[in-house]
Amino acid sequence: MNAPLIGARVLRKEDYRFLTGAGQYTDDVALPNQSYAAFVRSPHAHALLRKVNIENARKAKGVIAVYTGADLANAKVGGLPCGWLITDVKGQPMKEPPYPSLAQGKVRHVGERVAVVIAETLEQARDAAELVEVDYEALPAVVNPVKASTSKPIHDIAPNNICYVWALGDKPAVDAAFAKAAHVTKLDLINNRLVPNAIEPRSANATYSRADDAYTLYVASQNPHVERLLMTAFVLGLPESKVRVVAPDVGGGFGSKIYLYPEDVVVTWAARQLARPVKWTAERTESFLSDAHGRDHVTTAELALDKDGKFLAMRVRTTANLGAYLSTFASCIPTILYATLLAGQYTTPVIHCEVTAVFTNTAPVDAYRGAGRPEATYVVERLVETAAREMKIDPVEIRRRNFIRSFPYQTPVALCYDTGNYEATLDAVMKMADVSGFASRKQQSLKNGKLRGLGYACYIEACGIAPSNVAGSLGARAGLYEAGEVRVHPTGTVTVFTGSHSHGQGHETSFAQVVADRLGLAMEQVEIVHGDTSKVLFGMGTYGSRSIAVGGTAIVKALDKIVAKGRKIAAHLLEAAESDIEYDRGTFKVAGTDRKKTFGEVACAAYVPHNYPLDKLEPGLNENAFYDPANFTFPAGSYVCEVEIDRDTGTTQVVAFTAVDDFGKIINPMIVEGQVHGGLAQGIGQSLTEGCRYDETGQLVTGSFMDYSIPRAGDVPMFKLDTRETPCTHNPLGVKGCGEAGAIGAPAAVMNAITDALGVKDVPMPATAQTVWKYLRQEKSDARV
Amino acid sequence: MLSLFFPEEERMTVKVSMKVNGKPVSAEVEARTLLVTFIRENLRLTGTHVGCDTAQCGACTVHMNGRAIKSCSIVAMQAESADILTIEGVAKPDGTLHPMQAAFKEHHGLQCGFCTPGIVMNALDFARSHPAPSEHEVRESLEGNLCRCTGYHNIVKSIMAGARAMGGKP
Amino acid sequence: MHAFEYHRPASTQDALSLASKKSEGRYLAGGQSLVQAMKLRLSSPTDLIDLGSLKELSGIKVSAAAVEIGAMTRHAEVAGSTEVKKAIPALAALVGMIGDRQVRHMGTLGGSLANNDPAADYPAAVLGLGATVTTNKRKIEADKYFKGLYETALEPGELITSVSFPVPKRAAYMKFRNPASRFALVGVFVADFGDKARVGVTGAGPSVFRQAEMEKALSAKFSPEAVANIKVKPDGLNNDLHASPEYRAHLITVMARRAVEAAIK
């Protein structure tokens, strides 16, 4: 009855409410008798808390309550848990210091919460927060991750500030390969610290009902079930059945809203103490201070090659800054999601990576769009491009000489790629970017006083961390499946409940396309529900580009059960054998006949079971499924970036960016393009403008949009995109995931272009105008180019 | 320690009146109430958003007397007697999208939707004086709006198409 | 934001008399800087005296010799004024670069000058053109108006009413933006008055300043080559995350050269 919906550019169902101001974000939720929270935050990076005097604050106008760390300790509110246990090179567990929701005796980063003031109005809470007197004894701050291990300890449990030293790969084999190498390329790279900056600030609004002794928390979260699990099981000691977590419309996440945050715990706990709803919404300054940041690696990377440019081995040593506390998934980002990606698209036979993860007096660092994989891609693709230049081999040619061509491919860093075609995306991107015309464009730029450069990046990504048992053996403390439920209503319309969460990705549309396509229904007959633990059976949420591959597959499995049961019902109605019933686009048919029942008729029969095999089959048509993937999915792609650099000022403009991605099967190309655009912009932001900076005392220098620069419309070009398709081999949709690709591939492409334009080996990110100008000045004094 | 100044109750509140989306509204508010707070909290029109505290993100953009302004950057009293238009007042009363809103949907000019109302409000004002804007003009017009999802690509396309559809009319 | 008392005087006279009684009060012009500072609790006046309804403080008058702009004239009005564009196109262009569209719909000349943000654009034009700031009390020459970081010659309660910009033979403003705030990291306004040239530099120092060496060179010959090789000393220039004094010094020369190129086009 309908044209195929999978693969169609279906306009988004969710747009109407967003375009008319009817979206409901957490801060839009106003509850009866609402109260407001303001947090007192540490101005020190590292200090002992001598005394917290709340008397004046408590007496201030409109104040309902003031709580400190002592109140939470007395109430036995636990610290925030970390969801991944890393075991170090000596077989010891990582150091897991307590992460209290309100500081206990010590503060460890600027912006750490010391007290909370709850008042009748927000401004009253903020007024009174200024009246909380805190007596700090300042301690020296540990800011530079490389110096952390020789600095005084931040946590007693980690005397040298090291959380773990972890390694992957065959070190003796790598060392042996380096000893024989014809050429070694070495780079010292810093993957700059970023602040995610979803435009909706974090927000939490909790309420407690005495009537049923139950809590409801509205929170800007990417995974409400995980939030609930962590908070109930590890922090508040509540039964999950008494806590409902709702993540309504969420204004972007990019990783920063995966985690359980102290503010969420505090408002939930306080709501019960006060028997009133308590709302907190971050000011942007608070977001900068207390959202989990991303990246922050210091790396030395080496690539060994033979005389023909064939990769022999890779050696990587990274110091990863985890910040002051272990955020929810902090520990697995620079390890499991980083070192495992160092093979990239290449047949490098041996790789060794050692990661030293350290605590510093800075905000916690965790997953930010890409999470480990951009860092890995940056290492691999900067090394490859640099090696090509050093060995005077064309950078495209050196990649071709080393591409993986047969699948499945077992890398030396644990992953097994199921499928891919790296030549295809590279060939396509070169044509689309008109690489052959670059030389003449470069000449034209020179005439205008601009340097022009071209850079490549061929990235690989691993999406949908899986399977759970393997992840568990690597330290995961949670499952990595997804849940879905398909509820067919008596009229034949369908509500689908998914444990994935949409905060911009458009699940309400793309998931509905999958359902409508597979059942042969119209889009209007399918409703997607997500983001509410009281509606959705369970969920692991949205991160790591897992939604369609894992969440979508869970729905497909539930759909298969619906169709299977429908066939039984139809067989009964049509008085045929079940094995003769075929399902085709909304109709159950007896094979080889014109006898049929529509999906709606079967649904009706299931709920009005007058003519129904009640002796063999339950009434109703409602199925759920959990899907635990057999493997990661492996999206990959090839990017070409062209930059122009103003020789006078050092300003770099990305003048062209071409991306050809392989995401396997695509459900909605319009949505996929949008995801790539956004990822590319964030990758370009990391390369050119974004750099979170703390000074040597641990003060956050880039604490607002006045100093931290996320890309504006004028900073990015129109992107040229295309896709190639090698379907994933181990999920029924053949999908791989597309949410992070742009942010993973772009930084290396941009920096390869900048170093090409400048004719230098390396330029640190972000390549701000000032930074590039310094290289231009050297260029003049060296009389190069 | 900051010494706090708490004026007497009667000095703290003021009466503010204006027209919002064509309807006269008024309320007793604290003088320090921002226009955006008045719109969101007093009127419960929550389509106007707050994304920053330094006037960069533009999520709070509304029209005051026909011009796009940042409602986080003025106190409500500065809008006394003014005509305010928020995102809730843009579509037709029957719910039909304005051509600019329709263009955003058609060109996938939004993802999470949080910055969207501010961007649409700014675009509406911009398009009245730019019926056929170039890509460059559109990008310049977005100087005061931040989006973290779209990379601006489809926002630019949406505004170019929306402006053409509007043909210089409101 | 801390609490304050709000006033909406009906006349300039009322505004002045209110200000004389409220020693910790502030005039509120467009609010684009003041309200921001108050939101962050960096500024906490006891009283705000809103000048928004004082029509007499707003407007543009253009003569052959000067462009006079009322203190409460919004940036958008100046940037879009065909008369200003004709008389001093560089001034209209500069104002069109302040903040963003939304900010320009509220922000005012008087507010910008009273605040004297070291990275604001307007001061570069005021100093670069040698404008005269008129207050309720007196006329202040640009050279005597800007006193330092957020400091001006204004006395407590003194109110800017208008600014008169002399019409130059030609002029231009070049702005190198702070990538985050979009304020001027360095902005250079050059003006050629035939017999002499003036150069106003904003963003680079604690307050807007004139660049004497460039003025001398441009007064002798108003050409890009005249300034292209002037090495500005970095001493005393601002140092922050975005630009070192050396980089700012370098940018002053580049922006000055480009401004002259634009002016003679």
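Chains as they are written, first to last, in our numbering: chain A, 896 to 1680; chain B, 141 to 310; chain C, 115 to 379.
We put the CB at the ideal spot given by N, CA and C, even for glycine.
Since this is a predicted model, take the numbers as computed values, not measurements.
For D1602 (chain A), the neighbours in chain C by C-beta distance under 9 Å run, in chain order, N292, A294, S295, D354, L355, H356. Taken in chain order, the unbroken stretches of beta strand (DSSP E) that lie wholly in the segment 1113-1169 of chain A and span 3 residues or more are 1138-1141.
With the criterion set as a beta carbon lying under 9 Å from some beta carbon of chain A, the members of the segment 155-170 of chain B are E170, in sequence order.
Taking all protein chains in view, the Cβ of Q1305 (chain A) is surrounded by fewer than 16 other Cβ atoms within 10 Å, so the residue is classified as exposed. At a cut-off of 3 residues, the continuous stretches assigned as beta strand (DSSP E) that sit fully inside the segment 907-943 of chain A are 930-936. Boundaries of the alpha helix (DSSP H) around V278 (chain B): 275-281. Spatial neighbours of F1333 (chain A) in its own chain (CB-CB distance under 6 Å, excluding positions within 5 residues in sequence) are listed in chain order as L1349. Residues are counted here when their Cβ sits less than 7 Å from a Cβ of chain B; for the segment 147-177 of chain C these are V149, Q150, K153, L154, T160, D164, G166, given in chain order. Taking V1274 (chain A) as the centre and dropping the five residues before and after it, the same chain places the C-beta of L1084, T1194, A1196, V1211, L1237 closer than 7 Å to its C-beta, in chain order.
Annotation for D1144 (chain A): G918, Q919, Y920 place their beta carbon closer than 7 Å to its own, counting only its chain and skipping 5 residues before and after. E228 (chain B) sits close to N161 (chain B), with the two beta carbons spaced by under 8 Å. The contact set of Y361 (chain C) on chain A, defined by CB atoms closer than 7 Å, consists of Q1665, W1668 in chain order. Contact annotation: G1006 (chain A) and A1258 (chain A) have beta-carbon atoms nearer than 8 Å. By the rule that beta-carbons nearer than 8 Å mark a contact, E119 (chain C) touches chain B. For a cut-off of 8 Å, the C-beta gap from T1251 (chain A) to I981 (chain A) is around 12 Å, too long to register as a contact. Residue contact with chain B for L1583 (chain A): absent (no Cβ-Cβ distance below 8 Å to any residue of chain B). What D1191 (chain A) touches in chain C, judged by beta-carbon distance under 8 Å, is nothing: the nearest beta carbon there is about 17 Å away. Closest in alpha carbon position to A1309 (chain A), among A:H1396, A:A1099, A:V1571, A:C1248, is A:C1248. A straight-line Cα-Cα distance of about 10 Å links D1191 (chain A) and R1588 (chain A). Here V313 (chain C) is bridged, per DSSP, to C:V304. A Cβ-Cβ distance of about 2 Å is found for the pair G187 (chain B) and G916 (chain A), placing them in contact under the 8 Å criterion.
Minimum Cα-Cα distance from L1616 (chain A) among the listed residues A:P1606, A:V1012, A:A1641 corresponds to A:A1641. Per the coordinates, the alpha-carbon of H1402 (chain A) lies some 16 Å from the alpha-carbon of T290 (chain B).
Among the CB atoms of chain A, none fall inside 8 Å of the CB of G302 (chain B).
Residue burial annotation: P1096 (chain A) is buried, with at least 16 other C-beta atoms found within 10 angstroms of its C-beta. P257 (chain B) belongs to the set of residues whose beta carbon lies under 8 Å from a beta carbon in chain A. At a C-beta separation below 8 Å, G145 (chain C) has these neighbours in chain B: S213, I214, V215, Q218. For V315 (chain C), the nearest beta carbon of chain B is not closer than 8 Å to its own beta carbon. Listed in chain order, the alpha helix (DSSP H) runs fully inside the segment 1530-1597 of chain A are 1564-1583, counting runs of at least 4 residues. Per DSSP, the continuous alpha helix (DSSP H) segment holding M1327 (chain A) begins and ends at 1317-1327.
Distance from the CA of H116 (chain C) to the CA of A933 (chain A), rounded to the nearest whole angstrom, comes to 14 Å.
For G213 (chain C), the C-beta contacts it makes with chain B under 9 Å involve A195, E283, G284, in order along the chain.
Under the DSSP assignment, I1094 (chain A) falls outside any beta strand (DSSP E); it carries neither an H nor an E label.
Residues of chain A with a Cβ closer than 7 Å to the Cβ of V368 (chain C) are, in chain order, D1543, T1544. Contact between the segment 1056-1072 of chain A and the segment 1276-1284 of chain A is absent, with fewer than three C-beta pairs closer than 8 Å. Linking Y1154 (chain A) to H939 (chain A) through their CA atoms gives a straight-line distance of about 24 Å.
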